[in-house]
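To keep things clear, I will list the structure first and then write my remarks on it.
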Amino acid sequence: MADPNDRYRAPALDKGLDILELLAGQPHGLTRAEIVKAMGRSPGEIYRMLERLVARHYVMRSPQGDRYALSLKLFELGHRHPPVERLVAQALPAMEAFAQAAEQSCHLGIYHGGNLTVVAQANGPGNWGLAIRLGVRVSLLGTGSGHVVLAFQPEQRRAEMLAEHEALEGEVPVAEPELQAIVERIRTLGYWQGESQQAFGVIDISMPIRGLQGNALAVLTCPFIRRIDRHVGPSLDAARQLLAGTAGGISID
Numbered sequence: 009m010a011d012p013n014d015r016y017r018a019p020a021l022d023k024g025l026d027i028l029e030l031l032a033g034q035p036h037g038l039t040r041a042e043i044v045k046a047m048g049r050s051p052g053e054i055y056r057m058l059e060r061l062v063a064r065h066y067v068m069r070s071p072q073g074d075r076y077a078l079s080l081k082l083f084e085l086g087h088r089h090p091p092v093e094r095l096v097a098q099a100l101p102a103m104e105a106f107a108q109a110a111e112q113s114c115h116l117g118i119y120h121g122g123n124l125t126v127v128a129q130a131n132g133p134g135n136w137g138l139a140i141r142l143g144v145r146v147s148l149l150g151t152g153s154g155h156v157v158l159a160f161q162p163e164q165r166r167a168e169m170l171a172e173h174e175a176l177e178g179e180v181p182v183a184e185p186e187l188q189a190i191v192e193r194i195r196t197l198g199y200w201q202g203e204s205q206q207a208f209g210v211i212d213i214s215m216p217i218r219g220l221q222g223n224a225l226a227v228l229t230c231p232f233i234r235r236i237d238r239h240v241g242p243s244l245d246a247a248r249q250l251l252a253g254t255a256g257g258i259s260i261d
């Protein structure tokens, strides 16, 4: 807790930080009464501060409304632009090597504000291919990329993402049972592979880029297009294996 000998005091800030530090050691959260008891403060003080922390998304209230737990907002703040720049710098050479070997394009997405944002793109060596523009938003619910990010999250974090999600243009709604089945399948396989929900004739392959705790911190996707002329390129299975190796070699920890 705050040191009474500190020269400069900010009681309200100290109170909020005390709550965050307390909840950081409680993976299952605490009730308001438990927080009041642990901090030795009045219920009114704790109530007001908790409400502000919930409103700013640093703390999550349980669906029943009786428990409070730390969200992953602090984690997200720690993975803002400088780490993203490092991620792109590390990922691009590997992505370009994949594009050359698989003769397919690929793009890298990270979660931001309820959907995904494309932060890197590598084109295949041929004269044509499917490319995603940098900076575009990709649906969390309507793409394999989004499903992969959701699949490799703790339940609480997945609920936060779904709560923040805003449907993008053309997005097809996904019912809760269907989404749960998709998530479980991805967790079992370790990746997503299936027909694109935006373009006919494209098979999307999406691989998670995982942190030390196993969470998907980014996703690498190849929109696979099969050639039908006389050129024989790498197969879908070969491209998937190459993409898995590429994703496994990228780290953002």
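The numbering used here applies: residue 9 is where the sequence shown begins, and numbers increase by one. Glycine included, every Cβ here is placed at the ideal spot set by N, Cα and C. Remember, predicted model here, so these are calculated numbers, not experimental data.
Assignment of residue 119 by DSSP, reduced to helix, strand and coil, places it in the strand class.
With distances taken between CA atoms, residue 92 lies nearest to 125 out of 254, 125, 181.
Per the C-alpha coordinates, the member of 50, 212, 29 positioned closest to residue 153 is 212. Under the 10 Å beta carbon count, residue 23 is surrounded by 16 or more other beta carbons and is classified as buried.
Boundaries of the alpha helix (DSSP H) harbouring residue 21: 19-32, taken from the DSSP string. By the CB criterion at 8 Å, residue 232 and residue 247 fall inside the cutoff. Here the C-alpha atom of residue 103 lies approximately 22 Å from the C-alpha atom of residue 203. Taking C-beta separations shorter than 8 Å and ignoring five residues to either side along the sequence, the partners of residue 107 in its chain run 113, 114, 130, 131, 132, 133, following chain order. Residue state for residue 175 is assigned as coil, using DSSP reduced to three classes. Between residue 61 and residue 226, the C-beta spacing is not below 8 Å. Within its own chain, the residues whose Cβ lies closer than 6 Å to the Cβ of residue 122, once the five positions on either side in sequence are excluded, are 172, 173, 174, listed in chain order. Secondary-structure assignment with DSSP links residue 203 through a beta bridge to 211. When rounded, the separation of the alpha-carbon atoms in residue 52 and residue 168 is 27 Å.
Residue pairing from DSSP places residue 130 in a beta bridge opposite 114. Taking the CA atoms as reference points, residue 185 sits about 22 Å from residue 216. When rounded, the separation of the alpha-carbon atoms in residue 230 and residue 140 is 10 Å. Taking every protein chain shown into account, the CB of residue 149 has 16 or more other CB atoms within 10 angstroms, so this residue is buried.
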